[in-house]
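J.:
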Amino acid sequence: MYSDRKRSRALPALVCALILLVLCVAFLRFRGSGSDLTEESAAALEAAVRRGALQCYAVEGVYPPDLAYLEDNYGLQINTRDFYVSYEAFSSNLPPDVIVVPR
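Next up, the structure:
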């Protein structure tokens, strides 16, 4: 039997619009997660520098004079392409000030 009725197009259009909306929300939500990763990486690098300085103090009895000493003697690796690292050692018996800033 032949029917001449047209199919309703409202349902497929609604489904497509809903899928598009979900994709847009997902994109906007995950787009901002890169900055969180950068902040976490900076915090992890700062903690690694502080741990290295503390390890040097525990082994040698003095805090390292600069970052190059930690890199040469304690295996610290610093991503200078993505981060600025400020390491200020005031005295050999006081912990250094460490500041890590993303570029």
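In terms of the working numbering, the sequence shown opens at residue 203 and continues consecutively.
Each residue gets a CB set at the ideal place from its N, CA and C atoms; glycine is no exception.
Given this structure, state the Cα-to-Cα distance separating residue 299 from residue 286, to the nearest angstrom.
T.: 14 Å
J.: Taking a contact to mean a Cβ-Cβ separation below 7 Å, would you say residue 301 touches residue 288 in this structure?
T.: yes
J.: With C-beta atoms as the reference, is residue 276 less than 7 Å away from residue 254?
T.: yes
J.: Less than 7 Å between C-beta atoms, sequence neighbours within five positions excluded: which residues of the same chain meet that for residue 284?
T.: 304, 305
J.: Alpha carbon to alpha carbon, how far is residue 238 from residue 268?
T.: If you take the alpha carbons of residue 238 and residue 268, they lie about 28 Å apart.
J.: Would a C-beta distance cut-off of 7 Å place residue 259 and residue 291 closer than the cut-off?
T.: no
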